[in-house]
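What follows is a single structure, written as structure tokens, with notes after it.
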Amino acid sequence: MDDESLAAENAALKRKLQSKAEALLILSRELANCKRERDYFKEYIDKKQITKEPKEFIDFEVIDVLPHKNERRFVISPEVEELKKKLKAAHAELKELRKERECHSGVAWHQREELIQELEESKLRTRELASDLQALIDEKEELVTERDAYRCKVHRLNHEISILLKSKIPMDIDALIVENKYLKERFDQSLAEKEMTQQMLSKYKAMLDKKKMKGTVKLGANNTCGGLVVTHKQVQQLLEKDFSFWKTQNLELAMGDLRSLSLALLESLQDKTLALLHLRKTNKILADRVNALETELSKRSSVFPSQILLEGHSNSQMDKNLNNIVKEYKENMQATNKPEEEYTEGGIVQVPDNDEALPPYLQELVRKAMEEITLNSGACD
């Protein structure tokens with residue numbers, strides 16, 4: 019208990035000491051403020067005393083200065099009027115300068131607005147020109163692709179014409195027409211098979227989607243592509259199933275006959291399907307055999323007339339530079355009056371010997387065609 023009381027007294031004494039210290043700080047601050055006020059008032063009193071001392075002599079000085087002041091006033095009054103006039107003139111000039119400045123600033127703002135409008139118009143023109151440029155670039159690309167297609171076509175036709183004119187074996191035009199018809203029929207047949215395949219794929223896809231949605235495919239359900247989804251196995255199970263209405267007294271005999279008839283039809287259908295499968299396999303084997311025979315014949319001699327015309331044709335010859343070909347042609351023309359080689363685009367038609375040379379009218383036609391191709395290619399480039 020004594021320790022607790024001593025601790026409490028010690029804490030109370032500490033609090034008192036702290037409060038005394040704070041009070042001492044406050045008093046020291048007030049003392050400093052009082053000292054500053056004292057110094058301020060001292061300086062103020064000293065200044066007042068200094069200013070009061072020469073007032074004893076003010077009356078004498080004023081009496082002495084009055085006559086000089088009147089004379090000076092008469093002298094200074096015209097100067098004051100002149101200064102007033104100058105001040106008015108300066109004010110007038112200042113007003114004029116302000117008006118001119120406002121006019122110039124208005125003109126400057128007007129010029130800025132015009133410049134901004136011109137800048138916006140130039141931006142619009144730039145955008146329009148950029149769009150026109152892009153359109154021209156696209157058109158140029160289309161023209162380049164079209165030019166390449168025509169160049170390839172001209173290259174191939176020139177090669178075919180040169181082979182046709184140089185060949186010692188006569189070419190049958192009827193064979194070319196028959197080949198064209200045959201290829202067209204095969205192309206149409208391929209398109210029809212492709213369409214049928216797409217229809218079958220869409221049908222089976224619809225069946226699969228319906229099965230995924232409902233879980234199973236119901237017997238005899240109509241799909242989206244039309245027709246009933248019924249397999250042979252499902253029909254057989256349906257006919258062989260022992261339903262209650264098959265055994266009724268009135269319908270038992272008729273239903274038995276229908277059942278036997280349906281089973282017979284189903285068996286015949288299965289036989290037809292099996293025969294169709296064997297026929298397809300046989301046709302496939304025959305088609306493979308025909309293709310093998312065609313390849314063997316093509317190795318020995320060309321089956322189609324177009325293969326004879328396209329013999330030795332390659333698209334790599336089209337990559338030659340047309341300008342170099344024209345230069346070579348001109349050099350040959352300058353070297354000899356009768357050139358030994360006739361060039362077209364890509365160097366297709368060549369006449370190495372006089373025995374195989376083209377007739378003069380054909381040479382003239384080839385030369386004109388070559389010049390037209392050169393001009394067209396130069397315009398496109």
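Residue numbers (our numbering): 19 to 399. Heads up, the beta-carbon is just placed ideally off N, CA and C, and yes, glycines get one too.
Item to check | Buried or exposed (CB count within 10 angstroms, at least 16 for buried), H109 | outcome: Within the sequence shown, the letter at position 91 stands for residue 109. H109 sits exposed, since fewer than 16 C-beta atoms from the chains shown fall within 10 Å of its C-beta.
Checklist entry - Roughly how many angstroms separate the alpha carbons of K103 and W127, rounded to a whole number? => result As a position in the sequence shown, residue 103 is number 85, starting the count at 1. As a position in the sequence shown, residue 127 is number 109, starting the count at 1. A direct Cα-to-Cα measurement between K103 and W127 gives close to 36 Å.
Next on the checklist: Buried or exposed for N176, going by 16 or more other Cβ atoms inside 10 Å?
Outcome noted: Translated into positions along the sequence shown, residue 176 becomes position 158. Counting the other Cβ atoms within 10 Å of the Cβ of N176 gives 16 or more, which makes it buried.
Checklist entry - Under the rule that 16 or more other beta-carbon atoms within 10 Å means buried, what is S140, buried or exposed? => result Locating residue 140 in the sequence shown gives position 122, counting from the first residue. With a 10 Å radius around the Cβ and a threshold of 16 neighbouring Cβ atoms, S140 comes out exposed.
Checklist entry - Does DSSP put P188 in a helix, in a strand, or in coil? => result Translated into the one-based positions of the sequence shown, residue 188 becomes position 170. It is coil, neither helix nor strand.
Next on the checklist: Does S185 pass the burial test, meaning 16 or more other C-beta atoms within 10 Å, or should it be called exposed?
Outcome noted: The sequence position of residue 185 within the sequence shown is 167, counting from 1. By the neighbour-count definition (other C-beta atoms within 10 Å, threshold 16), S185 is an exposed residue.
Checklist entry - Given a threshold of 16 other Cβ atoms within 10 Å of its Cβ, counted over all protein chains shown, does S180 qualify as buried or as exposed? => result By 1-based counting over the sequence shown, the position of residue 180 is 162. When all chains shown are included, S180 counts as buried.
Next on the checklist: Taking the straight line between their C-alpha atoms, what separation do you get for A41 and E55?
Outcome noted: Sequence index remark: in the sequence shown, residue 41 carries index 23 (1-based). Sequence index remark: in the sequence shown, residue 55 carries index 37 (1-based). If I take the Cα positions, the gap works out to 21 Å.
Item to check | Q67 versus I94 - alpha carbon distance | outcome: Your numbering for residue 67 matches position 49 in the sequence shown. Your numbering for residue 94 matches position 76 in the sequence shown. Those two C-alpha atoms are separated by around 36 Å.
Checklist entry - From S286 to G274, what distance separates their C-alpha atoms? => result Mapped onto the sequence shown, residue 286 falls at position 268. Mapped onto the sequence shown, residue 274 falls at position 256. So the alpha carbons of these two residues sit roughly 18 Å apart.
Item to check | Separation of E146 from A210, as counted between CA atoms | outcome: To locate residue 210, count along the sequence shown from 1; it is residue 192. To locate residue 146, count along the sequence shown from 1; it is residue 128. Roughly 48 Å separates the two Cα atoms.
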